[in-house]
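*Asks:* Quick note: my numbering has the sequence shown finishing at residue 365, numbered continuously throughout. Using N, Cα and C, we set each Cβ at its ideal position, and we do this for glycine too.
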Amino acid sequence: MSQLDFVWPWVFLLLPLPWLIYRFLPEVPAQQVQLKVSWLAQYRTTNKDQSVGLSTGRLALICLLWLLLLTATSHPQWVGDAVPIPNKGRDLLLAVDLSGSMQIPDMTLKQQSVDRLTAVKEIVSNFVLKREGDRLGLVVFGTQAYLHVPLTHDRNTVAAQLSEIQLRMAGENTAIGDAIGLGIKRLKAQPEEGRILILLTDGANTAGSIDPIQASQLAAGAKVKIYTIGIGAESMEVESLFGMTRRVNPSQDLDEYSLRTIASNTGGSYFRARSTEELSAIYQELDRLEPIEQQSQVFRPRHSLLHWPLLSALLLVMTSLVWSLIKKPIRRLLS
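Next up, the structure:
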């Protein structure tokens, strides 16, 4: 809950000081107080005993100024609502296959047949938006591998860019080894704890300059953990040229051996997604395996209010001085 707070509240113990001075200190004879500053002359008063006194109005003015100065000295602050701060996030890089085979319509989304990439966009975007506190990035690969989104805490940007990727924008083939190599390059500059690469593909390595198994060994040396996902149904019906339908295995080119080896070499896991439901379950499992750090610390934003009592005191002094200068001419005009 937001609240007003004072850094040094004990300063208000000095609040009665002006009254104590006025009450207990002896008065100074007026003859000993010869002020030569003209605009302060009106503050001098004489009584029958030729002593300096203070009217009730002037005493109230001094007390109010004193209260404002004490308030400023106590350093008032407006403390906002508590904002949770994650202890530490992970550096999590997503590598998505955009080769031509990702257009095979063997997935189902909202009871409609969709291609593999459409299903990936939907499921992975939901995964990204839940990873509060992590830094996420996006690598896309086909014939070449590219860094599409650098590591960032902006989950909305990663999800938006993920929704914009298109088939074959990185080429027709599949450079799994190059995607791993690019992931290592981007993650090795980060702290060793929490370097994660999630690689999703539907095929085998058919392009690039780095062998995927060798790349995984380099990843292990760089403390990069790789989770691999093989996507694609094991059976679907296709229509022949003569209007007949037959069942085929659309994932016959998937190199599960290499994907398992890559994950094993780096301390990760291999997952097989034969449907949209399985793909969603895999990313839920990844959430469990790489949990978001608990928010054990909170931050309460503080906004200084010091300037308000200072400005009020200055305005009060200026108003008092102006009034003391113009009150006599005003009285003459009214009399």
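1) I'd like to check one pair, L97 with L166: are the Cβ atoms closer than 8 angstroms?
2) Using DSSP with H/G/I as helix, E/B as strand and the rest coil, what is S155?
3) Thinking C-beta only, is D127 closer than 8 angstroms to T231?
4) Which residue or residues does DSSP assign as beta-bridge partners of W108?
5) Hey, out of S32, V158 and L44, whose CA is closest to Q314's CA?
6) Can you list, in chain order, the residues of its chain whose CB lies under 7 angstroms from that of E264, leaving out five sequence neighbours each side?
7) Could you please give me the residues that DSSP links to I51 through a beta bridge?
8) Helix, strand or coil, according to DSSP, for K218 in the structure here?
9) Give the secondary structure of L132 by DSSP, where H, G and I count as helix, E and B as strand, and everything else as coil.
10) Please check the pair V352 and L95, which I expect to be a contact at CB under 8 angstroms, by giving their CB distance rounded to whole angstroms.
11) Give me, in chain order, the residues of the same chain whose beta-carbon lies closer than 7 angstroms to that of K358; leave out the 5 immediate sequence neighbours on both sides.
12) Cα-Cα, which of I243, K160 and A125 is closest to H178?
13) Can you have a look at V37 and say buried or exposed, based on whether 16 or more other CB atoms are within 10 angstroms of its CB?
14) Just reading off the alpha helix (DSSP H) that V188 is part of, what are its end residues?
15) Among residues of its own chain, excluding the 5 on either side of A102, which ones have a beta-carbon nearer than 6 angstroms to its beta-carbon?
16) Report yes or no: do three or more beta-carbon pairs, one from the region 142-157 and one from the region 188-196, lie closer than 8 angstroms?
17) Taking its Cβ as the centre, do 16 or more other Cβ atoms sit within 10 Å of G201, making it buried, or is it exposed?
18) Below 8 angstroms CB to CB, which residues in the same chain sit around R332 once its five sequence neighbours on both sides are set aside?
19) Tell me, which residues are paired with A303 by DSSP?
20) If we count the other Cβ atoms within 10 Å of its Cβ and call it buried at 16 or more, is A90 buried or exposed?
*Replies:* Short version:
1) For this step, residue 166 is matched to residue 136 along the sequence shown. For this step, residue 97 is matched to residue 67 along the sequence shown. No, they are not a contact pair.
2) Within the sequence shown, numbered from 1, the residue matching residue 155 stands at position 125. Three-state DSSP puts S155 in a helix.
3) By 1-based counting over the sequence shown, the position of residue 231 is 201. By 1-based counting over the sequence shown, the position of residue 127 is 97. Result yes, Cβ atoms of T231 and D127 sit closer than 8 angstroms.
4) One-based indexing of the sequence shown puts residue 108 at position 78. Looking at the DSSP assignment, W108 forms a beta bridge with L34 and H333.
5) In the sequence shown, counting from the first residue as 1, residue 314 sits at position 284. When only C-alpha atoms are compared, the closest one is V158.
6) As a position in the sequence shown, residue 264 is number 234, starting the count at 1. Only N279, S281 and R304 meet the Cβ criterion.
7) In the sequence shown, residue 51 corresponds to position 21, counting from 1. Answer is none; I51 lacks a bridge partner.
8) On the sequence shown, position 188 is the one that residue 218 refers to. Correct three-state label for K218: coil.
9) Stepping through the sequence shown from its first residue, residue 132 is reached at position 102. Inspection of the sequence shows that residue 132 is occupied by Met rather than by Leu. Helix, per DSSP.
10) Numbered from 1 along the sequence shown, position 322 holds the residue referred to as residue 352. Numbered from 1 along the sequence shown, position 65 holds the residue referred to as residue 95. No, V352 and L95 are not in contact; Cβ-Cβ is about 15 angstroms, not under 8 angstroms.
11) Mapped onto the sequence shown, residue 358 falls at position 328. Closer than 7 angstroms at Cβ, skipping near neighbours: no residue.
12) Here residue 178 corresponds to residue number 148 of the sequence shown, with the count starting at 1. The option with the nearest alpha carbon to H178 is A125.
13) By one-based count along the sequence shown, residue 37 stands at place 7. Counting Cβ neighbours within 10 Å, V37 comes out exposed, since fewer than 16 surround it.
14) By one-based count along the sequence shown, residue 188 stands at place 158. From DSSP, the alpha helix (DSSP H) with V188 extends over R185 to E194.
15) Taking the sequence shown and counting its residues from 1, one reaches residue 102 at position 72. Closer than 6 angstroms at Cβ, skipping near neighbours: L336, P339 and L340.
16) yes
17) By one-based count along the sequence shown, residue 201 stands at place 171. Buried: at least 16 other Cβ atoms inside 10 Å.
18) On the sequence shown, position 302 is the one that residue 332 refers to. D35, Q107, W108, V109 and G110.
19) In the sequence shown, the residue the question calls residue 303 occupies position 273. Paired residues: I261.
20) Residue 90 sits at position 60 when you count from the first residue of the sequence shown. A90 comes out exposed.
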